[in-house]
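Terminal number for the sequence shown in UniProt numbering: 223, no gaps in between. Ideal placement from N, C-alpha and C gives every residue a C-beta, glycine not left out. Model, not experiment: these values are computed from the prediction. Remarks on the structure that follows.
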Amino acid sequence: MSDGITALVLGGSGEIGKLLVKELNRNLNFSRIILITRRNLNMSSNRIEERLVDFEKLDEYKEAFQGAEVAYSCLGTTRAKAGPQGFVRVDRDYIAHAAQILKDIGCCRHFHLVSSQGAKKDSNFLYLKTKGEIEELVSNMGLPRISIYRPSVLLCDREETRPLEKFSQVILRGFDWRNKWSIETETVARAMVCNTLEEQLPEKAGSSVEILDNMDILRLGID
Ligand code: NDP
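What follows is the structure in structure tokens.
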């Protein structure tokens with residue numbers, strides 16, 4: 001195998017995650033893509049490796065994280081699906097634990113976190129508070145470079161039924177022509193790959209932690 005970047009993806013079966021894996025797989029700068037997953041995804045190929053883990057016992061699966069030079073977290077659930085505690089467990093604790101393992105192993109030079117527009121650790125809303133908390137935890141971990149993406153409402157054809165999201169998408173697809181409140185999942189995935197390969201945006205340079213809002217993501221991710 002040629003010398004290329006080894007990437008690791010958390011949440012590779014999700015709406016952003018699966019497009020990210022596709023982008024990484026077609027980009028020859030990446031020679032290996034490790035998917036950390038709780039279930040078999042049948043995506044394995046000569047460049048993609050699935051590594052099955054129990055997210056509740058990640059310490060027992062440190063070996064699965066070996067070799068990752070860049071890592072992407074597209075992990076997440078909803079309060080409706082997992083309940084408030086389950087949501088925090090996935091969207092904060094699982095991600096923080098994975099990032100800590102990567103930090104301890106020491107070969108990850110760039111960690112990418114999909115957070116959300118409005119993330120704020122002292123928010124009264126559980127969703128935004130949890131996103132703010134995971135941003136802070138990852139930012140303080142001492143990884144060499146961290147990119148935090150704060151997309152607005154994701155536009156995608158989700159298989160899972162989320163009536164409120166579907167309703168917002170219909171409205172936003174019609175009216176949000178400047179992409180202030182919405183963004184295509186493809187654009188987010190492309191931006192994450194571009195940002196890995198490009199220098200930091202000039203206004204973000206000089207800091208190990210960069211926050212990319214919806215407009216930054218659009219700038220990077222639109223062809
Ligand atoms: P999806 O819900 O489509 O995918 C989530 C991923 O997380 C899947 O790979 C899923 O695996 C994994 N996952 C969920 N629960 C668990 C669990 N208990 N244990 C292990 N893995 C789990 O995510 P999206 O692509 O829609 O979103 C990505 C991120 O973007 C999320 O953090 C989300 O909060 C954030 N975001 C979403 C917005 C939106 O409009 N929807 C807006 C802004 C940010 P599996 O396939 O096995 O379930």
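- Message: Output needed for K166: all residues of its chain with C-beta closer than 6 angstroms, excluding positions within five of it in sequence on either side, in chain order.
- Response: Taken in chain order, the list of residues that qualify is empty.
Subject >> Cβ neighbour criterion (16 or more within 10 Å) applied to Q85 >> reply: Exposed is the call here.
- What are the boundary residues of the beta strand (DSSP E) that includes S73? In the DSSP assignment, S73 falls within the beta strand (DSSP E) that extends over 70-73.
Grab me the residues of R173's own chain with a C-beta within less than 7 angstroms of its C-beta, minus the 5 sequence neighbours each way, in chain order.
Here the set comprises L155.
Among R47, V70, C74, A98, nearest to K57 - alpha-carbon criterion:
Of the candidates R47, V70, C74, A98, the one whose C-alpha sits nearest the C-alpha of K57 is A98.
### Message
Could you give the first and the last residue of the continuous beta strand (DSSP E) run that contains F30?
### Response
From DSSP, the beta strand (DSSP E) with F30 extends over 30-37.
Comparing C-alpha positions only, which one of E135, T196, V209 sits nearest to L220?
Minimum Cα distance to L220 is reached at T196.
Can T196 be considered in contact with ligand 3, in the sense that its beta carbon sits closer than 7 angstroms to one or more heavy atoms? Among the ligands modelled here, namely ligand 1, ligand 3 does not occur.
Helix or strand or just coil, what does DSSP make of E160?
The answer is coil: DSSP assigns E160 none of H, G, I, E or B.
Note to self: Relative to the C-alpha of G119, which candidate in L212, G17, I5 has its C-alpha closest?
What the structure shows: A quick correction: the sequence has Ala, not Gly, at residue 119. Checked all of L212, G17, I5; the closest Cα to A119 is L212.
Review point. What is the DSSP secondary structure of S123, reduced to helix, strand or coil?
Key: Note: S123 maps to coil in three-state DSSP.
Spell out a yes or no on whether the stretch 73-80 and the stretch 90-97 are touching, meaning 3 or more CB-CB pairs, one atom from each, closer than 8 angstroms.
Yes, since at least three Cβ pairs between the stretch 73-80 and the stretch 90-97 fall closer than 8 angstroms, the two stretches touch.
Exercise for review: Counting only the same chain and skipping the five closest in sequence on each side, list residues whose C-beta sits under 8 angstroms from that of K121.
Suggested key: Correct list, in chain order: K129, G132, E133, E135, E136.
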